[in-house]
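Notes for the one structure printed next.
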Amino acid sequence: MGLPVILLRIFLLLAITMVPISDAWGKEGHFMVCKIAENYFSDRTSTAVSELLPADAGGDLASVCSWADEVRFRYRWSSPLHYINTPGVCNYKYSRDCHNAKGEKDMCVVGAINNYTTQLQSYGGDSSGYDLSESLLFLAHFVGDVHQPLHVGFQVDEGGNTIIVHWYRRKTNLHHVWDVNMIETAMKDFYNNDLNSMIEAIQMNITETWAGEIHQWETCRGRSVTCADKFASESIQLACDYAYQDVEEDSTLEDDYFYSRLPVLEKRIAQAGVRLATILNRIFYDSSASGNLNDLLLKSVVEIIEANTISAK
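Letter by letter, the sequence shown follows residues -26 to -1, 1 to 287 of mature numbering (1 follows the signal peptide of the UniProt record, and there is no 0).
In structure tokens form, the structure reads like this:
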């Protein structure tokens, strides 16, 4: 192997290392989403989730909330399920946007959420042929993904992946800023590098600052509906209003960007957690109970939030 070839490979390796290409919330983001969701599981949901989790999870959904990222190279077909792109417009349409690079329909994060919700609804019945443990892990992960604004970004820049920026002094890309960099900076600056402290702060906002919005966060009708279309529409609008706003190739993003965008990021993590819990509570709901399904489940989530608020005082 000649020296020029060796140098070329070293250069390419360094380039990949210096400019990470991201496709999903980092582990911390997904962990927070699932940990928040666990607070709002009904008893029935907690039992079902525990039964479906792999043994190495130790009964903790949050510990395996990044599993879908870890299997992407083994399940290559799953890569397009982590995101959805629009043709450079600030709105989302399932019929137009939910497909993979080959044009195959339903191969996007919204289609995946709907699909794995349907699979999990067979829990407790006759054998469905699905691996419901994997269905649970995929669903938990993808509900987190669809709430990251740049997972519903522009096709031309792959959700910000090809927009090279500097996060303070570090070279990265815009997608990675939202996946990882803002969370890391927030933990360092505000939470003493303690992920649990950041979770507690977001949880406090759920039970206090955002408590009046819980009903609006999840308003689905019918057992099979996930509202994933709604989540995606919110994300593309936030991508346009915040993620892409005032950013150009080789921009340096510092305090102004960080302080104005961090509240958006933390609220999306909170919404993802509450909504994941609501979806799972709907899936594992006891169909013999009476009353309107949606009202009962929303009432259940709000009651759990109110109970957490009282216990924290």
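Idealized CB from N, CA, C, for every residue including glycine. Here the structure is a predicted model, which means the values were calculated and not measured.
Exposure of residue i, with buried meaning 16 or more beta-carbon neighbours within 10 Å
i              : result
proline 123    : buried
aspartate 168  : exposed
glycine 33     : exposed
threonine 193  : exposed
glutamate 174  : exposed
serine 264     : Low confidence applies here, because serine 264 scores a pLDDT of 36, under 50, leaving its location unreliable; read the following figure in that light. Exposed is the call here.
proline 54     : buried
tryptophan 51  : exposed
aspartate 153  : buried
serine 171     : exposed
valine 130     : exposed
serine 16      : buried
tyrosine 90    : buried
tyrosine 14    : buried
isoleucine 253 : buried
arginine 242   : buried
isoleucine -6  : Interpretation of isoleucine -6 is limited by its pLDDT of 46, a score under 50 that renders its predicted location unreliable; the figure taken from the coordinates is listed afterwards. Result: exposed.
glutamate 182  : exposed
serine 109     : buried
tyrosine 233   : exposed
Residue-chain proximity (residue i, chain C), Cβ-Cβ < 9 Å
i              : result
asparagine 179 : This model lacks chain C altogether; it includes just one protein chain.
Distance between beta carbons of residue j and residue i, contact taken as under 8 Å
i              : j              : result
leucine 94     : isoleucine 257 : 5 Å
alanine 36     : glutamate 12   : 7 Å
glycine 186    : valine 7       : Not a contact, Cβ separation roughly 21 Å.
valine 84      : valine 120     : 7 Å
isoleucine 180 : alanine 114    : Their Cβ separation, rounded to whole angstroms, is 18 Å, which puts isoleucine 180 and alanine 114 out of contact at 8 Å.
histidine 73   : serine 209     : Contact flag wrong, Cβ pair sits at about 17 Å.
methionine 156 : leucine 239    : 5 Å
tyrosine 57    : glycine 133    : 6 Å
glutamine 177  : isoleucine 10  : 6 Å
glycine 127    : asparagine 59  : 6 Å
Residues that DSSP places opposite residue i in a beta bridge
i                 : result
histidine 140     : Lys145, Thr226
lysine 79         : His73
phenylalanine 128 : Thr60
N-terminal and C-terminal residue of the alpha helix (DSSP H) that residue i is part of
i              : result
histidine 115  : 106 to 120
leucine 169    : 169 to 181
threonine 159  : 156 to 164
tryptophan 152 : No alpha helix (DSSP H) contains tryptophan 152, which DSSP labels as neither H nor E.
glycine 3      : 1 to 12
serine 102     : It is not in any alpha helix (DSSP H) - serine 102 carries neither H nor E in the DSSP assignment.
valine 38      : No alpha helix (DSSP H) contains valine 38, which DSSP labels as neither H nor E.
lysine 204     : 202 to 212
leucine 26     : 17 to 26
tryptophan 191 : 188 to 191
Would you call the segment 60 to 74 and the segment 98 to 114 in contact, with 3 or more CB pairs under 8 Å? no
Does the count of Cβ pairs from the segment 225 to 240 and the segment 128 to 142 closer than 8 Å reach three? yes
Pairs of beta-carbons, one from the segment 198 to 218 and one from the segment 236 to 252, closer than 8 Å: are there three or more? yes
Taking 8 Å as the cut-off, does the segment 146 to 159 touch the segment 22 to 38 (at least 3 CB pairs, one atom from each stretch)? no
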